[in-house]
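Start counting the sequence shown at 15; every next residue gets the next number (this note's numbering).
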Amino acid sequence: MQSVAPRDINLGALGIQPFKITLERYTALIDAGFLDENDKVELIFGQLVEIMPVGKKHGDCIDDLNDFFTPQYFKTHRCRVQNPVNLAHNSQPEPDFALINRASYAQRDGNPIVDDIDLLIEVSDSTLSFDRTIKTNLYAYSGVNEYWIVNLVENVIEVHLSPDLKSGLYNSVSRFGLEEQFESPFCGRVSVKELIKL
């Protein structure tokens, strides 16, 4: 008789804490080949978190972001799509899109750090709750100055500015619908419908 693995077991409810690892140990696992691109995980607050598969609408939106930003910024920035960044609190997330300053990034080895990030974006459908809570906390604690959630559930862009490193919250959070424009501290005036195409 074949064994079936149980699902949705909440070990935390039993007082059993997950094993946490440092960013250095996580990097060593990758370098040694124990984790590779087939392991769909990212390190968030010292824990391995499964990355959700990307559906068509989500993937198309990431492509639209890349098409929008690359012509404007390719000389000064790397337009990174679903690539890791090293952040505080033993975290190495893989945001959907990030504008990485070429000049500062060229000064270091390894993945970009918060000092290299001018804009970080998550595209959210099935991950909306996670991106609004855990990812928002992580990016604020780490000092990411400008974080957007491209919310494909409600077709809005949520702009998070002015991170508070102590509370893990952003002091300014605004939502903009399809027919609206907003002023980004880094990018200037942005039209939502240029980034969310129905």
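Beta carbons are placed, not taken as given, at the ideal position from N, Cα and C, and that holds for glycine.
Determine the extent of the beta strand (DSSP E) in which residue i is found, giving its start and end residues.
i	result
G191	L183 to G191
H174	V170 to D178
C93	H91 to V95
H197	With the sequence shown as reference, residue 197 is identified as Glu, and His is not the correct amino acid for it. Unbroken beta strand (DSSP E) run through E197: Q195 to S198.
Q86	Looking at the DSSP string, Q86 is not in any beta strand (DSSP E); the run it does join, the alpha helix (DSSP H), is K70 to Y87.
F111	F111 to N115
Closest to residue i by C-alpha separation, out of the options, would be which residue?
i	options	result
G124	I30, E38 and I76	E38
N52	E64, T150, A42 and D130	E64
L183	N151, W162 and V206	N151
L41	F88, N100 and F33	The residue asked about is misnamed: residue 41 is Thr in this sequence, not Leu. Of the candidates F88, N100 and F33, the one whose C-alpha sits nearest the C-alpha of T41 is N100.
L209	V170, F88 and S188	V170
P107	D74, L142, D129 and Q96	Q96
L300	F82, L57, I135 and P32	Absent from the structure is residue 300, since the part of the chain shown begins at 15 and ends at 212.
S181	E168, S205 and I148	I148
S143	F190, E168, K54 and D129	E168
P32	L62, K54 and I44	L62
Y87	L43, D45 and I114	I114
With 16 as the cutoff for other CB atoms within 10 Å, does residue i come out buried or exposed?
i	result
P67	exposed
P109	buried
P177	buried
P126	buried
T141	buried
I163	buried
V18	Unreliable placement is indicated for V18, whose pLDDT of 49 sits below 50; no coordinate value is reported for it.
G202	exposed
A154	buried
P85	exposed
E193	exposed
For residue i, which beta-bridge partners are listed by DSSP?
i	result
P165	One point to set straight first is that residue 165 is Asn, not Pro, in the sequence displayed. Paired residue(s): S138 and V170.
Q121	Bridge partners of Q121: none, in fact.
L57	L62 and Q106
G202	S198
E160	L175
L209	Paired residues: none, contrary to the question.
I131	I114
L101	S105
Can residue i and residue j be called in contact, C-beta distance under 9 Å?
i	j	result
P199	L175	yes
L79	V137	yes
E172	D132	no
C93	A120	no
G157	A117	no
Q69	K34	First, the amino acid is wrong: residue 69 is Gly here, not Gln. No, Cβ-Cβ distance for G69 and K34 is not below 9 Å.
H72	F83	no
S105	I76	no
F196	V204	yes
By the DSSP assignment, the alpha helix (DSSP H) with residue i in it spans what residues?
i	result
S156	T150 to S156
I44	L37 to D45
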